[in-house]
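Student: Let me give you the structure first, and then I'll get to my questions.
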Amino acid sequence: MTSHARPDGDGIGSALACGQILRVMGKDAQVVMHDGVPRIYQNLPFADGVVQADAVPSNDAVVLLECDSTRRTLLEGLEECFLINIDHHASGRNFANVNWIDSSVMATAELVYRMARRACVPIDRDIATCLYTALMTDTGSFMFEGTNEHTFTVARELVLAGADPAQCARPIYFGHSAAKMRLLGAALSNLHREGALAWIWVTQDQMQSFGAREEDCEGLVNYALSIADVQVAIFFRELAEGRFRVSLRSKGEVNVSTVAEYFGGGGHRCASGFSIEGPLSTAVSRVVDRLRAQSIL
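Take the sequence shown: its letter number 211 is residue 270 in this note's numbering, and every next letter is one higher.
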C-alpha cells in the first residue's frame, strides 16, 4: 500500500486501514511511503509499521490510494508491479492494471470501508480510527462542499465501530509545532487580498529560520480562506529548487480543481494543488490571472 508524496490524512488513513484489512484477510501487506508519516498522524494505529523508502520491491502487487499517477508517489520500481488504483478525485486517471475511481464520495477512505464490508472483514476500533481520521480530514471536518448524509452515515458507522471523534481530532487540530505557529505568523504577514481572492506565501529562508518541516505548511491556506467574503485562497510554498508548491482552497462557489489541472495538478472542487516555476511574482501572477479567467474577482 502507498499513497502520494507528502501524504495527507486520507492518504495515510486509507493506506493504514487497507493494509490491516488485507492482513485480516491473511495477506502479507505493508505500507510504504516515500515521505513517511507526518507528525500529526503518527499516533494512528499501525503508523509505526510504515516503511519509509525510495522504491518498492519488484513484482509485488501495489495498491495506490488517493493517487492519480505512479509519479506522485515518488517511489521507484512501480512499473514492474501489478498496480491497483483506488481514488475518489474527479481528476483521477486509469493508469493502473485495476482502477476503482468514484468521485461521488468525499474520501478514498469511504471506498476502503466499502471494500472491507464487501469482503466481510470486521471493522474494529483501530481500522475505524484510521478511516474516520481520513474522512474527517478530507472533508475539512465535514465542511467541504459535497459532504452529505452518506458522509455522515459512514462517519456514524465508524464511530459505532470504535472511532473516537475527539481523540481523532485532537492531534490534527491541537498538535501543532511551535515552528508551524511561527510559520503561520510569517505567512499571514504576507497576506494579500483582491476581491474574493486571498493569497499568502512562505519562503525557504523562513522555513529554515523557524526549523519548519514540509508538514508544518499543511492547513496554513485555510487561515486565508477564513476571511469573510473570500471565496478562494492560495498558499505558495517555495521549494528548494526555486519552484513553488501551490495549495488552492475554495468555499464551494469556485471549482479550484480545474485551475490545478490547468497547471498539471489536481484534487477536489474545494481543495487542490500543483507545482509551478518561480520566481514568486511570476507564480502569483500566473495563478491569479487564471483565477481571474474564472471570473471570481
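Ideal placement from N, C-alpha and C gives every residue a C-beta, glycine not left out.
Please read all numbers here as calculations on a predicted model, not as lab measurements.
Taking DSSP as the reference, what is the three-state secondary structure of isoleucine 160?
Tutor: Against the sequence shown, residue 160 aligns to sequence position 101. Isoleucine 160 falls in the strand class under three-state DSSP.
Student: Among Asp185, Lys239, Ile231, which has the Cα closest to the Cα of leucine 412?
Tutor: Coverage of the chain is limited to positions 60 through 356, which leaves residue 412 absent and any answer about it impossible.
Student: Just how far apart, CA to CA, sit alanine 287 and leucine 256?
Tutor: Locating residue 287 in the sequence shown gives position 228, counting from the first residue. Locating residue 256 in the sequence shown gives position 197, counting from the first residue. Their backbone Cα atoms lie some 11 Å apart in a straight line.
Student: Please confirm whether alanine 168 and leucine 194 have their CB atoms less than 8 Å apart.
Tutor: As a first step, residue 168 is located in the sequence shown; it is residue number 109 there, counting from the start. As a first step, residue 194 is located in the sequence shown; it is residue number 135 there, counting from the start. The answer is yes: Cβ separation under 8 Å.
Student: Kindly indicate which residue of Pro224, Ala299, Leu247, Glu135 has the alpha-carbon position closest to the one of serine 285.
Tutor: Translated into the one-based positions of the sequence shown, residue 285 becomes position 226. If we check each option's Cα against that of serine 285, Leu247 comes out closest.
Student: What would DSSP say about asparagine 281, mapped onto helix, strand or coil?
Tutor: Position 222 of the sequence shown, counted from the first residue, corresponds to residue 281. Three-state DSSP puts asparagine 281 in a helix.
Student: Across which residues does DSSP place glutamate 135 in a beta bridge pair?
Tutor: Looking up residue 135 in the sequence shown gives position 76. According to DSSP, which records beta bridges pairwise, glutamate 135 is partnered with Ala114.
Student: Taking the C-alpha atoms as reference points, what is the distance between glycine 151 and phenylalanine 295?
Tutor: By 1-based counting over the sequence shown, the position of residue 151 is 92. By 1-based counting over the sequence shown, the position of residue 295 is 236. Their Cα atoms are separated by approximately 24 Å.
Student: Determine the contact status of valine 91 and alanine 112, defining contact as a CB-CB distance below 8 Å.
Tutor: If you number the sequence shown from 1, residue 91 lands on position 32. If you number the sequence shown from 1, residue 112 lands on position 53. The answer is yes: Cβ separation under 8 Å.
Student: Give me the residue from Tyr282, Ala228, Phe303 with the minimum Cα distance to isoleucine 99.
Tutor: As a first step, residue 99 must be located in the sequence shown, where it is residue number 40. Looking at the Cα atoms, Ala228 is the closest of the given residues.
Student: Assuming leucine 350 and valine 318 are in contact, meaning their beta carbons sit under 8 Å apart, how far apart are those beta carbons, in whole angstroms?
Tutor: Translated into positions along the sequence shown, residue 350 becomes position 291. Translated into positions along the sequence shown, residue 318 becomes position 259. About 6 Å; that satisfies the 8 Å criterion.
Student: List the DSSP bridge partners of valine 122.
Tutor: Against the sequence shown, residue 122 aligns to sequence position 63. Answer is Ile143.
Student: For a minimum of 4 consecutive residues, which ranges assigned as the alpha helix (DSSP H) are wholly contained in the region 309-348?
Tutor: The qualifying runs are 315-321.
Student: With H, G and I counted as helix, E and B as strand and the rest as coil, what does DSSP make of alanine 271?
Tutor: For the purposes of this step, residue 271 is taken as residue 212 along the sequence shown, with counting starting at 1. Reduced to three states, the DSSP call for alanine 271 is coil.
Student: Can you give me the Cβ contacts of valine 289 inside the same chain, cut-off strictly under 8 Å, excluding the 5 residues immediately before and after it?
Tutor: Walking along the sequence shown from the start, residue 289 turns up at place 230. Excluding residues within five positions, the ones whose Cβ falls inside 8 Å are Arg252, Ala255, Leu256, Ala257, Ala283, Lys310.
Student: Whole angstroms is fine: what's the gap from glutamate 300's alpha carbon to histidine 327's?
Tutor: Start at 1 with the first residue of the sequence shown, and residue 300 comes out as number 241. Start at 1 with the first residue of the sequence shown, and residue 327 comes out as number 268. Near 27 Å, if we compare the C-alpha coordinates of histidine 327 and glutamate 300.
Student: Whole angstroms is fine: what's the gap from phenylalanine 45's alpha carbon to phenylalanine 201's?
Tutor: Any property of residue 45 remains undetermined from this structure, which presents the chain solely from 60 to 356.
Student: Of the residues Leu250, Ser268, Ala178, Asn156, which one's Cα is nearest the Cα of isoleucine 293?
Tutor: On the sequence shown, position 234 is the one that residue 293 refers to. Selected option, being the one with the closest Cα: Leu250.
Student: From histidine 147 to tyrosine 321, what distance separates their C-alpha atoms?
Tutor: If you number the sequence shown from 1, residue 147 lands on position 88. If you number the sequence shown from 1, residue 321 lands on position 262. Between histidine 147 and tyrosine 321, the C-alpha separation is close to 19 Å.
Student: Using the C-alpha atoms, what's the distance from arginine 308 back to arginine 291?
Tutor: Residue 291 sits at position 232 when you count from the first residue of the sequence shown. Residue 308 sits at position 249 when you count from the first residue of the sequence shown. It should be pointed out that residue 291 corresponds to valine in this sequence rather than to arginine. For valine 291 and arginine 308, the distance between alpha carbons rounds to 6 Å.
Student: Locate the alpha helix (DSSP H) running through alanine 255, then write down its first and last residues.
Tutor: Reading the sequence shown from its first residue, position 196 is the one you call residue 255. It is not in any alpha helix (DSSP H) - alanine 255 carries neither H nor E in the DSSP assignment.
Student: Does histidine 251 come out as helix, strand or coil in the three-state DSSP assignment?
Tutor: Working through the sequence shown from its first residue, we reach residue 251 at position 192. Three-state result, histidine 251: strand.
Student: Quick check on serine 128: does DSSP put it in helix, strand or coil?
Tutor: Within the sequence shown, residue 128 is the residue found at index 69, counting from 1. Serine 128: coil per DSSP, three-state reduction.
Student: Going by CA-CA distance only, name the one from Asn281, Leu134, Phe105 that's closest to alanine 114.
Tutor: Looking up residue 114 in the sequence shown gives position 55. Answer by Cα proximity: Leu134.
Student: Out of Thr262, Leu279, Asp275, Ser316, state which residue places its alpha-carbon closest to the alpha-carbon of leucine 339.
Tutor: Numbered from its first residue, the sequence shown carries residue 339 at position 280. Ranking the options by Cα distance to leucine 339, first place goes to Thr262.
Student: By the three-class DSSP mapping on this structure, what secondary structure does threonine 61 have?
Tutor: The sequence position of residue 61 within the sequence shown is 2, counting from 1. Correct three-state label for threonine 61: strand.
Student: Express the C-alpha separation of serine 268 and threonine 161 in angstroms, rounding to a whole number.
Tutor: Here residue 161 refers to the residue found at position 102 of the sequence shown. Here residue 268 refers to the residue found at position 209 of the sequence shown. Before going further, note that residue 161 is aspartate rather than threonine in the sequence given. Straight-line Cα distance between these residues: approximately 42 Å.
Student: To the nearest whole angstrom, what separates the beta carbons of glycine 70 and leucine 124, a pair I think is in contact under 8 Å?
Tutor: Residue 70 sits at position 11 when you count from the first residue of the sequence shown. Residue 124 sits at position 65 when you count from the first residue of the sequence shown. That belief holds up - the Cβ atoms of glycine 70 and leucine 124 are roughly 6 Å apart, short of 8 Å.
Student: Only counting the same chain, and skipping five residues up and downstream in sequence, which positions put a Cβ closer than 7 Å to that of valine 83?
Tutor: Within the sequence shown, the letter at position 24 stands for residue 83. Answer for valine 83: Val180, listed in chain order.
Student: Give the DSSP-derived three-state secondary structure of serine 306 in the structure shown.
Tutor: Within the sequence shown, the letter at position 247 stands for residue 306. Correct three-state label for serine 306: strand.
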